[in-house]
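Here the structure comes first, spelled out in structure tokens, and everything after it is commentary.
Numbering (my numbering), first residue to last: 4 to 192.
Set out below in structure tokens:
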């Protein structure tokens with residue numbers, strides 16, 4: 004309940020959540036049901052408008068097509084002669100995704116552009132026709148970097164926009180975005 008309330012920009016106690024949500028919308032002893040969740044969103048849409056609902060959905064990790072931009076399904080297997088202990092945690096509040104992408108670009112990336120100590124790097128995955136972009140700041144000062152892929156055609160981006168702006172500290176490589184060819188594309192730029 005606390006995480007959900009934070010995503011919809013409501014500061015509420017556990018008691019208020021039970022009173023405001025669980026008693027008003029279809030719920031069980033375990034919490035709000037799917038039907039109750041839909042009722043809550045339908046009422047909120049009427050009361051607050053579409054823009055607020057899209058903001059909430061974005062905070063919950065969904066894009067405009069209602070695809071999850073945060074969660075990924077994967078399989079991980081361990082093979083060991085020794086007993087292992089594994090802890091699985093939610094990576095959403097961390098920056099592990101950006102750090103991992105930056106490491107991949109650093110290790111396998113190619114230089115696309117280099118202007119006055121600022122390098123645009125990319126890696127390309129031929130299997131899925133996808134590019135991953137990063138910017139390396141080799142200057143002595145922080146920079147405000149902009150990666151503009153808006154002229155690209157037949158590409159889907161991992162960000163809301165094909166234009167990404169980030170502050171990059173000296174000596175840092177910052178992951179910017181992924182760009183993947185649409186499945187229907189025969190050519191892409």
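Cβ atoms here follow ideal geometry from the backbone N, Cα and C, with glycine treated the same way.
In this text, all values refer to a predicted model and were calculated from it rather than measured experimentally.
query                                                                                                                                                                                    : result
Just checking, does the segment 171-186 make contact with the segment 137-157 on the three C-beta pairs under 8 Å criterion?                                                             : yes
On the DSSP bridge list, what partners appear for residue 128?                                                                                                                           : 133
Whose C-beta lies closer than 7 Å to the C-beta of residue 38 among residues of the same chain, with five residues either side of it excluded?                                           : 29
Just the Cα atoms here: how many angstroms apart are residue 112 and residue 104?                                                                                                        : 10 Å
Note down, in chain order, each residue of its chain lying with its Cβ closer than 8 Å to the Cβ of residue 35, except the 5 sequence neighbours on either side.                         : 24, 25, 28, 29 and 43
For residue 133 versus residue 181, is the C-beta spacing smaller than 8 Å?                                                                                                              : yes
State the Cα-Cα distance for the pair residue 151 and residue 86, rounded to the nearest angstrom.                                                                                       : 48 Å
Going by Cα to Cα distance, which pick from 172, 124 and 157 is closest to residue 106?                                                                                                  : 124
Quick one: residues in its chain with C-beta nearer than 7 Å to the C-beta of residue 131, no 5 flanking neighbours on either side, listed in chain order?                               : 183
Do the CB positions of residue 8 and residue 59 come within less than 8 Å of each other?                                                                                                 : no
Buried or exposed: residue 135, going by 16 or more other Cβ atoms within 10 Å of its Cβ?                                                                                                : buried
Could you give the distance in angstroms between the alpha-carbon of residue 129 and the alpha-carbon of residue 143?                                                                    : 35 Å
Assuming residue 126 contacts residue 108 (C-beta within less than 8 Å), just tell me the rounded distance between them.                                                                 : 5 Å
Might you give, ordered along the chain, the residues of its own chain that have their beta carbon closer than 8 Å to the beta carbon of residue 14, omitting 5 neighbours on each side? : 8
Please report the distance separating the alpha-carbon of residue 57 from that of residue 167.                                                                                           : 20 Å
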